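Participant:
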Amino acid sequence: MMEPLVEVRGLTIEFPMRAGLLRAVNEADFVIPKGQITALVGESGSGKSTMASAIMRAISVPGRVAGGSITFDGRDVMSLGKKELQAYKWEQVSMVFQAAQNALNPVARIKDQIIETFRAHSKSYTEKQMVDKARNLLDYVRLDPDRVLNSFPHELSGGMKQRVMIAFSLLLDPQLVILDEPTTALDVITQAYIFDILKKIHKDMNITMLLLTHDIGVVAKAADRVGVMYAGNVVEAGDVYDMFKRPKHPYTAKLMKAVPSLYEDVSERKGIPGSPPDLLNMPPGCPFHPRCEYAHAKCKEENPIKVYTPAGHEVACHLYPNPESVAEVRTS
10 MMEPLVEVRG LTIEFPMRAG LLRAVNEADF VIPKGQITAL VGESGSGKST
60 MASAIMRAIS VPGRVAGGSI TFDGRDVMSL GKKELQAYKW EQVSMVFQAA
110 QNALNPVARI KDQIIETFRA HSKSYTEKQM VDKARNLLDY VRLDPDRVLN
160 SFPHELSGGM KQRVMIAFSL LLDPQLVILD EPTTALDVIT QAYIFDILKK
210 IHKDMNITML LLTHDIGVVA KAADRVGVMY AGNVVEAGDV YDMFKRPKHP
260 YTAKLMKAVP SLYEDVSERK GIPGSPPDLL NMPPGCPFHP RCEYAHAKCK
310 EENPIKVYTP AGHEVACHLY PNPESVAEVR TS
């Protein structure tokens with residue numbers, strides 16, 4: 010595996026609720042290698058967006074980081090002071106939020122929003138430099154700069170607004186761009202167009218990307234490495250080819266088997282029986298054991314410890330008590 014840009018170790022994030030304490034992320038380990046597109050996949054509520062918010066140091070109140078560490082290029086993210094944090098956000102890490110129409114100010118022109126973003130996070134640009142850079146980036150994401158800069162968000166289509174948000178994310182030359190479901194609510198052709206642009210950005214600018222999605226097909230097309238989250242736990246991570254061809258965790262294997270193929274009878278594809286657990290009332294042991302065909306007594310008592318292989322594959326499952334067993338046991 011390449012040198013890590015982001016390392017998440019033992020991260021726990023909790024939200025106090027009236028009904029109890031909700032643990033959205035549970036002692037999670039996760040690595041984002043430099044120069045790669047890493048995907049984080051899981052069902053809604055699995056903890057993907059919360060993990061990304063923690064990397065951005067943007068956990069909303071009353072949520073809190075209850076344990077663990079996050080390092081970015083060797084620096085402790087959790088200990089950054091106010092000025093360091095202001096520079097960290099957007100200059101080093103930026104984010105393309107889900108549903109672009111909700112991320113843009115509906116009563117401000119795109120030009121004014123771009124200038125405001127620059128001024129909030131960097132003092133080294135003149136207004137002319139800000140606008141010139143915005144023009145270049147809008148042109149790069151295949152938009153007409155003159156039209157877009159003078160438009161209000163409601164005057165742009167969904168795909169155009171998503172490309173505006175991608176241009177926003179590149180304004181201050183970040184090392185990492187986080188993309189939260191970047192093609193939600195877009196038609197298939199526009200989705201393909203957006204991913205074509207993202208891959209071009211990755212190649213031309215050598216920007217590291219973290220892609221949050223529940224769409225396995227998107228992962229196959231775009232990612233170099235993938236992590237799988239289930240009920241706040243990162244249950245498996247590895248090279249995207251290995252994850253598709255040789256998934257190790259039973260949950261990952263079920264996800265892969267649920268993906269339809271043009272060459273197979275769709276009726277043979279089956280969903281995963283049962284439902285994810287209630288995060289306010291988690292079962293003891295492995296969170297997946299109520300839905301797992303391989304579950305045994307230990308699974309119902311202890312959450313498995315993650316094992317790591319020399320090739321960079323990692324899995325948390327009692328089927329794999331040591332790294333050697335990862336190569337020996339198959340769940341697919």
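Going by my numbering, the first residue of the sequence shown is number 10, and it counts up by one from there. Where is the CB? At the ideal position from N, CA and C, for every residue including glycine. In this text, all values refer to a predicted model and were calculated from it rather than measured experimentally.
(1) Cα separation between Pro71 and Phe24?
(2) With 16 other CB atoms within 10 Å as the buried threshold, where does Asn111 fall?
(3) For a quick check, are the C-beta atoms of Leu49 and Met238 less than 8 Å apart?
(4) On the DSSP letters alone, give me the boundaries of the alpha helix (DSSP H) that Met11 sits inside.
(5) May I ask which residues mark the beginning and end of the alpha helix (DSSP H) holding Ile124?
(6) In angstroms, rounded to a whole number, what distance separates the CA positions of Val150 and Ile206?
(7) Reducing DSSP to helix, strand and coil, say where Ile314 ends up.
(8) When you compare only the Cα positions, how much space is there between Ala33 and Lys212?
(9) Can the beta-carbon of Met11 be found less than 8 Å from the beta-carbon of Lys43?
(10) So the candidates are Met214, Met174, Thr217; which of them puts its Cα closest to the Cα of Ile203?
(11) Within the continuous beta strand (DSSP E) that includes Glu36, where are the two ends?
(12) Is Pro191 buried or exposed, if buried means 16 or more other CB atoms sit within 10 Å of its CB?
(13) Confirm, please, whether the CB-CB distance from His327 to Cys295 is below 8 Å.
(14) With DSSP as the reference, identify every bridge partner of Ser78, one or two as the case may be.
(15) By the 10 Å Cβ neighbour count, where 16 or more other Cβ atoms means buried, how is Pro9 classified, buried or exposed?
(16) Is the CB-CB distance between Ile210 and Val157 below 8 Å?
(17) Going by other Cβ atoms of all chains shown within 10 Å of its Cβ, with 16 needed for buried, is Ile79 buried or exposed?
(18) Find the nearest neighbour of Leu219 within the set Ser55, Ser103, Asn35, judged by alpha-carbon distance.
(19) For Thr126 versus Leu180, is the C-beta distance shorter than 8 Å?
(20) Report the three-state DSSP secondary structure of Phe204 (helix, strand or coil).
(21) Taking DSSP's pairing of strands, which residues face Asp182 in a bridge?
(22) Where do the N-terminal and C-terminal ends of the beta strand (DSSP E) with Arg234 fall, by residue?
(23) Note down the Cα distance separating Ser55 from Asn242, rounded to an integer number of angstroms.
(24) Rounding to the nearest angstrom, what Cα-Cα distance links Pro286 and Ser166 in this structure?
Facilitator: In brief:
(1) Residue mapping note: residue 71 aligns to position 62 of the sequence shown, counting from 1. Residue mapping note: residue 24 aligns to position 15 of the sequence shown, counting from 1. Straight-line Cα distance between these residues: approximately 6 Å.
(2) The residue labelled residue 111 in the question sits at position 102 within the sequence shown. Asn111 should be labelled exposed.
(3) Taking the first residue of the sequence shown as position 1, residue 49 is located at position 40. Taking the first residue of the sequence shown as position 1, residue 238 is located at position 229. Pairing Leu49 with Met238 gives a Cβ-Cβ distance under 8 Å.
(4) Translated into positions along the sequence shown, residue 11 becomes position 2. Here Met11 belongs to no alpha helix (DSSP H), and DSSP marks it neither H nor E.
(5) Reading the sequence shown from its first residue, position 115 is the one you call residue 124. Following the DSSP letters along the chain, one finds Ile124 inside the alpha helix (DSSP H) bounded by residues 119–130.
(6) Translated into the one-based positions of the sequence shown, residue 150 becomes position 141. Translated into the one-based positions of the sequence shown, residue 206 becomes position 197. Taking the straight line from one Cα to the other gives about 6 Å.
(7) Start at 1 with the first residue of the sequence shown, and residue 314 comes out as number 305. It is coil, neither helix nor strand.
(8) By one-based count along the sequence shown, residue 33 stands at place 24. By one-based count along the sequence shown, residue 212 stands at place 203. The straight-line gap from Cα to Cα measures roughly 33 Å.
(9) Taking the sequence shown and counting its residues from 1, one reaches residue 11 at position 2. Taking the sequence shown and counting its residues from 1, one reaches residue 43 at position 34. Yes, the pair counts as a contact, with Cβ atoms nearer than the cut-off.
(10) As a working note, residue 203 is residue 194 in the sequence shown. With respect to the C-alpha of Ile203, the residue from Met214, Met174, Thr217 having the closest C-alpha is Met174.
(11) As a position in the sequence shown, residue 36 is number 27, starting the count at 1. For Glu36, the uninterrupted beta strand (DSSP E) run begins and ends at 29–42, by DSSP.
(12) Counting from 1 along the sequence shown, the entry for residue 191 is found at position 182. Classification for Pro191: buried.
(13) The sequence position of residue 295 within the sequence shown is 286, counting from 1. The sequence position of residue 327 within the sequence shown is 318, counting from 1. Yes; because the gap between Cβ atoms is below 8 Å, this pair is in contact.
(14) Counting from one through the sequence shown, the residue named residue 78 turns up at place 69. DSSP lists Arg18 as partners of Ser78.
(15) Any property of residue 9 remains undetermined from this structure, which presents the chain solely from 10 to 341.
(16) Looking up residue 210 in the sequence shown gives position 201. Looking up residue 157 in the sequence shown gives position 148. In terms of Cβ geometry, Ile210 and Val157 do not form a close pair [threshold 8 Å].
(17) For the purposes of this step, residue 79 is taken as the residue at position 70 of the sequence shown. Buried.
(18) Taking the sequence shown and counting its residues from 1, one reaches residue 219 at position 210. It is Ser103.
(19) Within the sequence shown, numbered from 1, the residue matching residue 126 stands at position 117. Within the sequence shown, numbered from 1, the residue matching residue 180 stands at position 171. A contact, by the Cβ cut-off of 8 Å.
(20) Here residue 204 refers to the residue found at position 195 of the sequence shown. Collapsing the DSSP output to three states places Phe204 in a helix.
(21) One-based indexing of the sequence shown puts residue 182 at position 173. DSSP lists no partner for Asp182.
(22) Residue 234 sits at position 225 when you count from the first residue of the sequence shown. Looking at the DSSP string, the run of the beta strand (DSSP E) that includes Arg234 is 234–239.
(23) The residue you call residue 55 lines up with position 46 of the sequence shown. The residue you call residue 242 lines up with position 233 of the sequence shown. One alpha carbon belongs to Ser55, the other to Asn242, and they sit about 8 Å apart.
(24) Position 277 of the sequence shown, counting from 1, holds the residue named residue 286. Position 157 of the sequence shown, counting from 1, holds the residue named residue 166. Whole-angstrom Cα-Cα distance: 37 Å.
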